[in-house]
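With the first letter of the sequence shown counted as 1, position 109 gets the number 157 in the working numbering; the numbers rise by one all the way through. What follows is one structure encoded as structure tokens, with my remarks underneath.
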Amino acid sequence: MNNLLEMMGIASGDAVALGFLTTVFLAVALAIYGVSALWASGSSVRRRIGGGAVAQRPTGRTESLSFLEEASRVPPAFSPIVRHFVPTDMAKISTLRRRLVCAGFYRPSAIGFYYAARVGLAIMFIALFAVAAPVISTRIPDQIVPVLGLAGAAIAFYFPDLWIAFRTRSLQRQYQDGFPDALDLLVVCVEAGLSLDAAINRVGQEIGHAHPAIAENFAMMSHELRAGGTRADALHNLADRMGVDDVRSMVTLLLQSEELGTSIADALRIYSDDMRVRRMLRAETKAQALPVKLSLPLGFFVFPTMLIVIMVPVGIRIYRVILER
């Protein structure tokens with residue numbers, strides 16, 4: 049084993065340190081995965097309970113919709129972290145809340161988890177980097193080690209922002225692909241005699257298997273209407289949650305049709321056809337851009353391989369002819 053490590057250029061002490069770091073990394077990863085699995089299972093259980101009957105909340109602590117009230121309930125040991133890293137400006141909190149909602153995080157506690165993830169990831173990286181610094185310093189100059197540590201801590205601190213942006217783009221692509229189908233079902237329900245509110249509720253129930261993100265937004269809109277909210281506010285909230293221009297245009301179309309007294313079914317049918325055409329145009333645009341995107345891998349990987357396969361036999365034959373002479 050030591051001979052194998054020497055052949056690979058790794059000392060025995062470095063191998064022990066690398067093994068320890070790998071064990072620590074796997075332990076942290078498994079812990080994070082376990083916590084996320086428990087959180088997801090708890091959310092699914094609460095969702096099933098909420099769908100069947102009204103869940104009885106514990107009398108000890110009720111969840112508040114106010115983020116500042118939730119932040120004030122942290123343990124005293126974490127209060128300095130909350131004061132330094134969690135903003136109290138309601139404008140910043142509102143902007144962050146909108147970003148989290150567009151990314152699919154609807155719970156009031158999502159803001160606290162966001163700041164906890166930023167600080168926790170940065171501290172975790174610093175701790176792991178402090179353990180790995182002796183091994184890293186043997187491979188690179190000592191002046192670069194602190195720079196790598198600061199850069200890695202900054203990346204870990206801002207990683208939740210990157211994850212939120214990635215998740216938002218992913219959800220918006222799902223909305224753009226599935227919303228024409230939802231509009232078609234909405235047209236069928238309205239033409240069958242259902243009201244717009246009942247049609248939205250029905251579509252949210254039927255489209256859940258194909259497009260669960262859209263079904264979840266429609267379900268929240270139905271809950272808002274049942275709670276006594278106006279249709280205009282519910283539609284505007286739907287557009288804000290999805291963050292897609294097509295949905296905003298559809299909301300404007302529905303509100304104008306309701307104000308002018310025109311047929312909502314006809315307006316939805318025309319708009320669904322238009323959205324389907326735009327979806328086809330987006331697919332054609334991606335198909336037309338595919339040859340340009342394939343040129344780089346073809347030029348760097350496929351073409352040199354083909355050139356080697358073609359030219360190596362020719363070179364070998366030329367070499368043999370020269371040796372025979």
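Yeah, the Cβ is synthetic: ideal placement off N, Cα and C, and Gly gets one too. In this text, all values refer to a predicted model and were calculated from it rather than measured experimentally.
The alpha helix (DSSP H) spanning residue i covers which residue range?
i    : result
D321 : 312-345
A267 : 260-274
I159 : 158-185
D288 : 279-290
D190 : D190 -> no alpha helix (DSSP H), and no H or E assigned at all.
F141 : A small correction: the amino acid at residue 141 is Ile; Phe does not occupy that position in the sequence shown. I141 -> alpha helix (DSSP H) spans 138-150.
A247 : 244-254
V299 : 293-308
With 16 other CB atoms within 10 Å as the buried threshold, where does residue i fall?
i    : result
V235 : buried
M359 : exposed
Y367 : exposed
L344 : exposed
D294 : buried
V251 : buried
S320 : buried
M138 : exposed
M354 : exposed
F177 : buried
A199 : exposed
I370 : exposed
Q220 : buried
Leaving out five residues before and five after residue i in sequence, what residues of the same chain have Cβ atoms less than 7 Å from its Cβ?
i    : result
A181 : V193
L233 : V251, E254, I255
L316 : L231, L234, V235, V238
Given residue i, which residues of its chain have a CB within under 6 Å of its CB, disregarding the five upstream and five downstream residues?
i    : result
A151 : I212, R215, T216
Assuming residue i and residue j are in contact, meaning their beta carbons sit under 8 Å apart, how far apart are those beta carbons, in whole angstroms?
i    : j    : result
R377 : A282 : Because the chain in this structure spans residues 49 to 373, residue 377 falls outside the shown range and cannot be described.
M268 : I248 : In fact, because the Cβ distance is near 10 Å, the residues do not count as touching under 8 Å.
M323 : L231 : 6 Å
Ignore the nearest five residues each way along the sequence and tell me which others in residue i's own chain have a CB closer than 8 Å to its CB.
i    : result
Q224 : V292, D294, R327, R330
G226 : I255, A258, H259, A261, I262
R146 : D288
Task: Touch test, the stretch 203-212 against the stretch 233-247, Cβ-Cβ under 8 Å, three pairs minimum - done: Contact fails: fewer than three Cβ-Cβ distances are below 8 Å.
Task: At least 3 beta-carbon pairs within less than 8 Å: the stretch 308-317 vs the stretch 332-342 - done: The answer is no - the stretch 332-342 does not touch the stretch 308-317, with fewer than three Cβ pairs under 8 Å.
Open item on the list: Measuring CB atoms only, is the stretch 156-164 touching the stretch 182-189, in the sense that at least three cross pairs come out at less than 8 Å?
Closed with: With the cut-off at 8 Å, the stretch 156-164 and the stretch 182-189 do not touch.
Task: Inter-stretch contact at 8 Å, needing at least 3 Cβ pairs: the stretch 251-265 / the stretch 275-283 - done: The stretch 251-265 is not in contact with the stretch 275-283.
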